[in-house]
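Residue numbers (this note's numbering): 439 to 608.
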Amino acid sequence: MPDGWARFGKGNMQSVWNYEDEDEAEINLDIISDDEIEAIKNLTFTDFMIRTDVNFSLLADDSRNPSTIYALYLPSLKTVSLNIPMDKYSDNTELRFNDAGDRVMCFGKYAEHLCGQDGLPRKNEATERLVVTNVYFGPRAVDRGATATRSNWFRNRYTWDGSFYNLLAK
439 MPDGWARFGK GNMQSVWNYE DEDEAEINLD IISDDEIEAI KNLTFTDFMI RTDVNFSLLA
499 DDSRNPSTIY ALYLPSLKTV SLNIPMDKYS DNTELRFNDA GDRVMCFGKY AEHLCGQDGL
559 PRKNEATERL VVTNVYFGPR AVDRGATATR SNWFRNRYTW DGSFYNLLAK
């Protein structure tokens, strides 16, 4: 870690996060604790850097993938949540990290997609810089909008695979 930086988040987990193309498991990962979020907001940090080896993607099938990414925009620390809302074209929408892991990008497979709607970045574009604080993944969570009885559920899935996700701040 560079000198003078405070580190927040999870790290050195020896690949504890190993969810690749998961389409069934419901998980809730606290990446940065509420106490850490409070400290980040109360201290006078002006410079931020994300360090991560996490591979992230979120795809929606013909219903809303109820998975949600909770984050703070940098440097404003404004709270944001990102998900793929329910629409007849949800199955053509994918969210992924950019190469640096500090922005979420939106991709649409066909002309019909939800990129650019409901707070999502436009197709092939990225959000503002952000730090992920929590992720909820529930690709089949009936109570949150998805229909779990589909027999051909091949796209409503997520990947969160890696061993560390850190915000460095000073």
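Note that beta-carbon positions come from the ideal geometry of N, C-alpha and C, so glycine has one too.
The structure displayed is predicted, hence computed values, not measured ones.
Cβ-Cβ separation, T506 to S514 (assumed contact under 8 Å), whole Å: That belief does not hold up - the Cβ atoms of S514 and T506 are roughly 20 Å apart, past 8 Å.
CA nearest to the CA of T597, picked from I488, T571, E476, G576: The alpha carbon of T597 has as its nearest neighbour, out of I488, T571, E476, G576, the alpha carbon of G576.
Per-residue burial, R578 [other beta carbons within 10 Å of its own, 16 or more giving buried]: buried
8 Å Cβ cutoff met for N503 and N594: yes
Straight-line Cα distance separating T565 from L558: 7 Å
Under 8 Å between C-beta atoms of L609 and S471: With the chain covering 439 to 608 only, the question about residue 609 has no answer from this structure.
Test item: CB-CB of A538 and I488 under 8 Å: yes
Span of the beta strand (DSSP E) around K516: Segment: none, K516 is in no beta strand (DSSP E) and carries neither H nor E.
E458, DSSP secondary structure in three states: strand
Limits of the unbroken beta strand (DSSP E) element including K479: Counting along the chain, K479 falls outside any beta strand (DSSP E), though it belongs to the alpha helix (DSSP H) covering 472–480.
Y457 versus F486: straight-line alpha-carbon distance, rounded: 27 Å
Start and end residues, beta strand (DSSP E) containing G442: Here G442 belongs to no beta strand (DSSP E), and DSSP marks it neither H nor E.
Distance cut-off 7 Å: D441 Cβ against heavy atoms of the ligand FAD: With respect to the ligand FAD, the structure shown offers nothing to examine, as it has no ligands at all.
Residues near G449 in its chain [Cβ-Cβ closer than 7 Å; skip 5 each side]: Excluding sequence neighbours, G449 sits near F602, N604.
Option in R567, E550, Y574, L497 with minimal Cα separation from I522: L497
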